[in-house]
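Counting in the working numbering, the sequence shown runs from 265 upward without gaps.
Read through the structure below, which is laid out as structure tokens, and then see the notes.
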Amino acid sequence: MLPANVPELRTLIDHIRYGGSRFNEAGLTFGHSFDNAMDEATQLVLHALHMPHDLSPVYGAAAVTAEEQAKILALFNRRINERIPAAYLTGEAWFAGLSFKSDPRALVPRSPIAELIESGFEPWLGGREVSRALDLCTGSGCIAIAMAHYQPDWQVDAVDLSDDALALAAENKARLLTENVELVKSDLFSQLSGRVYDLIVTNPPYVTNDETDALPAEYAFEPEMGLRAGDDGLDLALKIMRDAPAHLSEDGLLICEVGEAEHALAALLPEVPMVWVEFKVGQMGIFVIEREDLVQHHDRIRSLADARG
Numbered sequence: 265m266l267p268a269n270v271p272e273l274r275t276l277i278d279h280i281r282y283g284g285s286r287f288n289e290a291g292l293t294f295g296h297s298f299d300n301a302m303d304e305a306t307q308l309v310l311h312a313l314h315m316p317h318d319l320s321p322v323y324g325a326a327a328v329t330a331e332e333q334a335k336i337l338a339l340f341n342r343r344i345n346e347r348i349p350a351a352y353l354t355g356e357a358w359f360a361g362l363s364f365k366s367d368p369r370a371l372v373p374r375s376p377i378a379e380l381i382e383s384g385f386e387p388w389l390g391g392r393e394v395s396r397a398l399d400l401c402t403g404s405g406c407i408a409i410a411m412a413h414y415q416p417d418w419q420v421d422a423v424d425l426s427d428d429a430l431a432l433a434a435e436n437k438a439r440l441l442t443e444n445v446e447l448v449k450s451d452l453f454s455q456l457s458g459r460v461y462d463l464i465v466t467n468p469p470y471v472t473n474d475e476t477d478a479l480p481a482e483y484a485f486e487p488e489m490g491l492r493a494g495d496d497g498l499d500l501a502l503k504i505m506r507d508a509p510a511h512l513s514e515d516g517l518l519i520c521e522v523g524e525a526e527h528a529l530a531a532l533l534p535e536v537p538m539v540w541v542e543f544k545v546g547q548m549g550i551f552v553i554e555r556e557d558l559v560q561h562h563d564r565i566r567s568l569a570d571a572r573g
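Okay, structure coming up:
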């Protein structure tokens, strides 16, 4: 428990440094939008002070009042004692340059797919025209809404099985004024009969059972159904690969995130030409595959997916 006040702390920078030190001392786990203690402390300080997330560093020397310090330290205490992810404490997460409402109804937005969205999915689309796109397992709606924001001519379906997630996605749709997004409740493709897309993007659950059971306390605030995906993390990804061809246009494209389950998938399907995307920070478990390649290898994919039940 941190003290109720620390008179030695005077400026924004003082409080950010103090928060970062206490977070590291407490052994917190990062990975929900931020990957280090200083960035989390910065966002919590700015939130407590009602300041923008991208406040200029020139204000770092600004003084903090005793009342403001109490609010900052209260947030620091909750982060340390309860292990709540910072995005849930602030109620906001940034994804693809956009502000999304974030709460325990869905995972905190953090997929590297954001980089693909901002680049218009090039060079992967190769200039092909997209009129309809699908975000499968949409959660908070961040992928679908960001696609719709940057590509206003696209009609984007945002699909999830969770009523809670879809309710949060609806709030984010209104927040970002993306009328070209349609929210659909569906267990993967089960309620999408007759719908065909030029692009399917999906970030399904892909954490193995053992990994899910061993996750740090911060992840317990997120819905488990957004994480757990069987013994190798591929229960949903294989079903998506099996069923996607029926919902892709002739030259349609599937982009799927499987995280650390990448190696297990590559070992199961070494003959399938999945292209693993290289991001600015390296390879991050996201592959791109053409519909025709999914069709060509459908029998093998189907046998693996069907075995999952």
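We put the CB at the ideal spot given by N, CA and C, even for glycine.
| Query | Result |
| --- | --- |
| Could you give the residue range of the beta strand (DSSP E) that holds S513? | 512 to 521 |
| Mapping the DSSP letters down to three states, classify Q333 as helix, strand or coil. | helix |
| Buried or exposed for V539, going by 16 or more other Cβ atoms inside 10 Å? | exposed |
| Measuring alpha carbon to alpha carbon, tell me which residue in L452, T466, F340, D570 is nearest M411. | T466 |
| Closer than 6 Å by C-beta to W418: which residues in its own chain qualify, once you throw out the five before and the five after it? Chain order, please. | V394, A397 |
| Relative to the C-alpha of A571, which candidate in R506, F294, L339 has its C-alpha closest? | R506 |
| Which same chain residues, not among the five before or five after Q415, have their C-beta less than 8 Å away from its C-beta? | G384, V394, A397 |
| What's the gap between the Cα of L440 and the Cα of A433? | 10 Å |
| So the candidates are E356, P480, E542; which of them puts its Cα closest to the Cα of L308? | E356 |
| Identify which residue in L400, Y483, V445 has its Cα closest to the Cα of Q455. | L400 |
| Any idea if Y323 is buried or exposed, counting beta-carbon neighbours within 10 angstroms, 16 or more meaning buried? | exposed |
| Report back the beta-carbon spacing between E382 and D421 to the nearest angstrom; my notes put them in contact at under 8 Å. | Not really, about 21 Å apart at Cβ, beyond 8 Å. |
| May I ask you to report which of helix, strand or coil DSSP gives F385? | coil |
| Taking P387 as the reference, give the member of P534, E514, E542 with the closest Cα. | E542 |
| Name the DSSP bridge partner or partners of Q419? | R396 |
| For T466, which three-state DSSP category applies? | strand |
| Is the Cβ-Cβ distance between L500 and P469 less than 8 Å? | yes |
| Apart from the five residues on each side of it in sequence, which residues of its chain come closer than 7 Å, Cβ to Cβ, to L430? | D424, L447, K449 |
| Quick check on the DSSP output: what are the complete beta strand (DSSP E) runs of length 3 or more inside the stretch 317 to 370, in order along the chain? | 356 to 359, 362 to 365 |
| Can you list, in chain order, the residues of its chain with a C-beta nearer than 7 Å to that of E554? Leave out the 5 residues immediately preceding and following it. | L517 |
| Examine chain D for any beta-carbon lying closer than 8 Å to the beta-carbon of L533, and answer yes or no. | Absent here is chain D; the protein component of the structure consists of one chain. |
| Quick check on DSSP: helix, strand or coil for D451? | coil |
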